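Encoded as structure tokens, the structure appears first; notes follow it.
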Amino acid sequence: MKQLGSGVRAGGRFAAALVGAAMMASAAFVSAASAAELTVWCWDPNFNIPAMKDATERYTKAHPDTTFTIANITQDEINQKLQTQFLAGVTDGLPDIVLIQDDNIQRFLQSFPGSFVPLSDSIDMSKFAQYKVAAATHDGKSYSLPFDSGVAGLFYRTDYLEQAGYKPEDLQNISWAKLIEIGKDVLAKTGHPLVSMDYNGDDLIVLMMQSTGQWYLKDGKEPNIIGNPALKAALQTFQTMAKEGIIKSVSGWTDYTGSFTSGQVAAVPQGVWITGTIKSVPDQSGKWRVAPMPILEGVEGATHFTNNGGSSWYVLASSKHQDEAVDFLKTVWGGDVDFYQGILINQGAVGSLLAAREGAAYKESDPFFNGEPVWQNFSDWLAKVPTVDYGTFTPEARMAVRAQIPNIANGGDIDEALKAIDAQLRQQMQ
Amino acid sequence: MAKTRLDRSEQINGWAFVMPALVLLGLFMIYPIIWSLWMSFQVGRGANFSFGGLANIQRLANDALLIKALTNTTIFFFIQVPIMIVLALLLAVALNDPTLKFRGLFRTALFLPCVTSLIAYSSLFKSMFSTDGIINQALLTLHVIGTPIPWLTDPFWSRVVIITAITWRWTGYNMIFYLAALQNVDKSIYEAARIDGIPAWARFTRITIPMLKPVILFTTILSTIGTLQLFDEVNNITQGGPGNATLTLSMYIYNLTFRMMPSFGYSATVSWVIVVIVAVLSFIQFMIARDRRRAT
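Residue numbers (this note's numbering), protein chains in the order written: chain A, 72 to 501; chain B, 7 to 302.
So, in structure tokens, the structure goes:
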């Protein structure tokens with residue numbers, strides 16, 4: 072009994088020491104906290120990370136107390152970590168600011184309500200491209216600081232097209248049908264396929280469809296597959312391109328980027344964020360130009376303007392420094408026009424802040440693109456991209472479409488494919 | 007009395023010794039298993055879920071994607087496992103031959119694949135089998151093929167790549183089990199057979215295989231479980247594509263949980279499908295092995 076008693080006392084002393092240590096640690100933590108340390112999660116060391124770094128450097132000049140840690144985490148991993156931790160209700164270790172792709176955000180907003188800080192309370196959302204704001208709006212509040220625009224264009228090799236007898240004027244304001252004709256000539260005369268596509272992806276379909284203001288889902292809720300003229304036309308166009316042999320099929324991102332950096336394909340229809348990758352081969356300088364996206368002829372609402380990918384910044388509700396995080400985004404990402412000139416020149420990042428388009432860099436022409444004012448073009452197109460509601464089930468819809476891509480490429484019936492897409496999407500939406 | 011006290015003390019001490027392990031086991035194994043079972047009766051998205059009774063099981067029946075994943079897994083299972091087991095067995099017998107030179111070198115070479123990182127070898131296979139990869143270039147140079155094979159973008163060929171990859175990775179692993187078992191086979195049996203004039207092939211089928219039956223059963227069950235849990239290779243080489251041609255059950259569970267709008271309840275149900283299939287297949291394999299032993 073006596074022994075036990077001394078044991079308890081010893082335990083007590085130990086516990087007291089522990090509590091003391093904990094108090095000291097938390098005191099240290101509090102003092103560190105007042106000098107806000109903000110953690111940012113994002114992907115792509117050639118694009119998002121340097122852009123964010125530039126932003127934090129600008130902010131810390133005026134706010135030396137705030138420090139930033141930028142972690143390079145893949146998009147898949149970010150989604151996975153957020154999802155697991157939100158579900159478990161454990162928010163320790165989550166960052167203060169996170170980057171999320173636009174067509175993926177609604178599922179977080181809807182399935183984990185209250186996990187993000189509504190930014191429309193403190194930032195004027197009318198300053199940004201509206202289709203970007205719409206993507207992150209839920210229940211009347213907007214949650215994102217719209218960043219990277221997915222506004223798209225048709226990047227093409229002037230040298231290959233010239234060999235096939237085409238001039239840059241021949242690519243202005245054309246239809247996909249016309250582009251297919253050009254592609255056939257390019258293939259016949261140069262041996263290069265027109266474009267490449269990941270057969271495990273649906274980027275091309277997405278680009279064609281959004282240019283008409285249509286989407287896989289109606290109002291973000293109901294499947295819009297059967298009886299969606301834009302989707303049907305997009306799939307038919309893709310099938311024709313595959314049949315003519317002007318699409319090079321690739322697997323995965325490395326293969327995809329390799330197909331144009333190594334000069335195999337003549338054109339890249341893609342979001343503006345691909346610019347950095349295209350420009351990563353300096354000896355192709357002067358060989359590239361950018362044309363507006365071809366139009367999906369015969370479909371109501373068809374335009375030359377579309378979007379693919381693109382992502383935005385979010386502040387987590389679990390952040391201990393929400394105010395600092397919001398202030399940082401508001402000050403730099405939501406107001407610093409000069410900052411956008413820098414990331415445009417260095418990373419080819421076309422932001423979504425409309426005022427940034429007035430900056431000097433946006434008016435510059437780029438020697439890599441034959442002295443064309445590419446940025447001016449992209450920012451003009453940016454304001455004209457039709458808004459669509461990605462809704463909650465876009466990942467499911469895209470998966471269902473991807474499942475049919477090889478089949479369609481091999482000449483499968485489009486109506487059957489649409490039925491299969493619709494069935495799979497409905498099954499997954501349960 | 008003294009004995010009882012000793013017994014009791016031994017019992018208490020015994021429990022005290024295993025308790026930490028039991029607590030950890032309970033916390034990190036039993037609890038998650040029970041929780042996932044409870045989870046499989048929940049419906050809803052993300053953090054908003056509620057008890058759904060048998061709704062998830064009903065959903066299983068109409069899930070075309072699950073059927074697809076199940077079909078793919080079955081194809082991998084029926085093609086890959088027999089190829090691998092036979093190959094491993096033949097290699098083990100060949101490398102067990104004492105007259106063979108550089109045996110150690112060959113054994114190491116064949117075993118090396120299964121100590122390689124799954125991610126590293128998957129990435130390597132992906133680049134080797136890409137349209138402009140080394141495999142196509144070699145085949146083109148040797149005039150085996152006229153146009154590059156779309157290894158990763160065609161549903162049939164992508165399955166071939168996955169089967170090749172897992173065979174490369176796991177054959178050596180199974181071979182080691184057979185080699186170990188072969189060391190325990192009494193050499194006098196083979197000597198007697200040789201004296202009786204039994205040809206080599208008959209020695210292999212009539213002596214080696216029956217002697218190795220327990221090990222073959224063991225490796226088959228391990229491979230069954232491995233195939234049903236196939237994930238890394240598919241995720242890294244084909245992402246389940248093209249057109250879901252290589253989607254496996256594990257990949258499907260991953261997609262349900264992390265790629266799509268999270269439906270944790272339903273993905274738990276699909277996980278339990280794997281558990282049930284593994285249990286059933288293992289049971290069948292045990293039964294087959296047991297019946298044969300009785301018959302002979």
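Glycine is no exception: its CB is placed at the ideal position from the N, C-alpha and C atoms.
What you are looking at is a predicted structure, and each value in this text was computed from that prediction instead of being measured.
Problem - aspartate 493 of chain A in three-state terms, based on DSSP - result: Correct three-state label for aspartate 493 of chain A: helix.
Exercise for the section: Answer with yes or no whether the minimum CB distance from proline 161 of chain B to chain A is below 8 Å. Expected result: yes
Problem - Secondary structure of glutamine 235 of chain B, DSSP reduced to three states - result: Residue state, collapsed to three classes: coil.
Practice task
Taking 8 Å as the threshold, find out whether the stretch 251 to 271 of chain A comes into contact with the stretch 429 to 440 of chain A through three or more Cβ pairs.
Solution key: no
Exercise for the section: Throw me the rounded Cβ distance for the isoleucine 171 of chain A and serine 382 of chain A pair, which I believe falls under 8 Å. Expected result: Rounded, the Cβ-Cβ distance is 6 Å, consistent with contact.
Exercise for the section: Work out the CA separation of threonine 348 of chain A and threonine 328 of chain A for me, nearest whole Å. Expected result: Rounded to the nearest angstrom, the gap between the Cα atoms of threonine 328 of chain A and threonine 348 of chain A is 7 Å.
Exercise for the section: Quickly, what does DSSP pair alanine 556 of chain A with across the bridge? List them, please. Expected result: Chain A is shown from 72 up to 501; residue 556 of chain A falls before or after that span and cannot be answered.
Practice task
Please check the pair serine 496 of chain A and alanine 337 of chain A, which I expect to be a contact at CB under 8 Å, by giving their CB distance rounded to whole angstroms.
Solution key: Looking at the sequence itself, residue 496 of chain A is leucine, so the reference to serine does not match. 34 Å between Cβ atoms; not a contact.
Handout entry: Local Cβ density within 10 Å of glutamine 86 of chain B, reported as buried at 16 or more and exposed below that
Key = buried
Practice task
Would you list the one or two residues that DSSP bridges to alanine 362 of chain A?
Solution key: A:Leu225
Exercise for the section: Would you identify the three-state DSSP class for alanine 75 of chain B, choosing helix, strand or coil? Expected result: Collapsing the DSSP output to three states places alanine 75 of chain B in a helix.
Handout entry: For leucine 43 of chain B, the first and last residue of its enclosing alpha helix (DSSP H)
Key = 37 to 45
Practice task
Taking the CB atoms as reference points, tell me whether alanine 295 of chain B and leucine 228 of chain B lie closer together than 8 Å.
Solution key: no
Problem - Nearest neighbour of serine 423 of chain A, chosen from A:Ala362, A:Tyr227, A:Leu258, A:Ser197 [CA to CA] - result: A:Ser197
Practice task
Please compile the residues from chain B whose C-beta is within a distance smaller than 9 Å of the C-beta of asparagine 379 of chain A.
Solution key: In chain order: nothing, as chain B lies at least about 18 Å away.
Practice task
Under 9 Å between beta-carbons, which chain A residues line up against alanine 4 of chain B? List them in chain order, please.
Solution key: Residue 4 of chain B is absent from the model: chain B starts at 7 and stops at 302.
Exercise for the section: Please compile the residues from chain B whose C-beta is within a distance smaller than 7 Å of the C-beta of threonine 463 of chain A. Expected result: In chain order: Met267.
Problem - Proximity test, Cβ basis, 8 Å: isoleucine 476 of chain A and chain B - result: yes
Handout entry: Below-8 Å beta-carbon distance, glutamate 315 of chain A vs any chain B residue
Key = no
Practice task
Pull up the DSSP beta-bridge partners for valine 49 of chain B, would you.
Solution key: Bridge partners of valine 49 of chain B: B:Ser56.
Practice task
My understanding is that asparagine 441 of chain A touches glycine 357 of chain A, with C-beta atoms under 8 Å, so please give their C-beta distance in whole angstroms.
Solution key: 6 Å
Practice task
Quick one: give me the first and last residue of the alpha helix (DSSP H) that serine 133 of chain B is part of.
Solution key: 124 to 134
Exercise for the section: Please list the residues of the stretch 128 to 140 of chain B that have a C-beta atom closer than 7 Å to any C-beta atom in chain A, keeping them in chain order. Expected result: Lys132, Ser136, Thr137
Handout entry: Collapsed DSSP secondary structure at phenylalanine 464 of chain A in the structure displayed
Key = Note: phenylalanine 464 of chain A maps to coil in three-state DSSP.
Exercise for the section: Would you tell me roughly how many angstroms separate the C-alpha atoms of isoleucine 259 of chain B and lysine 152 of chain A, rounded to the nearest one? Expected result: 16 Å
Practice task
Would you mind telling me which residues of chain B sit closer than 7 Å to glycine 323 of chain A, beta carbon to beta carbon, in chain order?
Solution key: Lys132
Exercise for the section: Within 10 angstroms of the Cβ of tyrosine 179 of chain B, are there 16 or more other Cβ atoms? Answer buried if so, exposed if not. Expected result: buried
Practice task
Name, please, each residue of chain A whose Cβ falls closer than 7 Å to the Cβ of proline 248 of chain B.
Solution key: Tyr270, Asn271, Ile476, Pro477
Handout entry: C-alpha distance - phenylalanine 270 of chain B paired with isoleucine 194 of chain A, whole-angstrom precision
Key = Distance between the alpha carbons of phenylalanine 270 of chain B and isoleucine 194 of chain A is about 35 Å.
Exercise for the section: With 9 Å as the C-beta to C-beta threshold (strictly closer), list the residues of the stretch 178 to 201 of chain A near chain E in chain order. Expected result: Note that chain E does not occur in the displayed structure, where the protein chains are A and B.
Practice task
Taking only beta carbons into account, state which residues of the stretch 153 to 175 of chain A come closer than 7 Å to chain B, listed in chain order.
Solution key: Gln154, Phe157, Leu158
Handout entry: Where the beta strand (DSSP E) through phenylalanine 139 of chain A begins and ends
Key = 138 to 143
Handout entry: Neighbouring residues, chain A, relative to threonine 79 of chain B (Cβ below 8 Å)
Key = The premise fails here: threonine 79 of chain B is roughly 17 Å from chain A at the closest Cβ pair, so nothing lies under 8 Å.
Problem - Backbone CA spacing between proline 300 of chain A and serine 136 of chain B [nearest angstrom] - result: 34 Å
Problem - Cβ-Cβ distance between aspartate 222 of chain A and glycine 405 of chain A below 8 Å - result: The residue you asked about is not aspartate; residue 222 of chain A is valine in the sequence shown. No, Cβ-Cβ distance for valine 222 of chain A and glycine 405 of chain A is not below 8 Å.
Practice task
With a 10 Å radius around its C-beta and 16 neighbouring C-beta atoms as the bar for buried, classify glutamate 395 of chain A as buried or exposed.
Solution key: The residue in question, glutamate 395 of chain A, is buried, as its Cβ has 16 or more Cβ neighbours within 10 Å.
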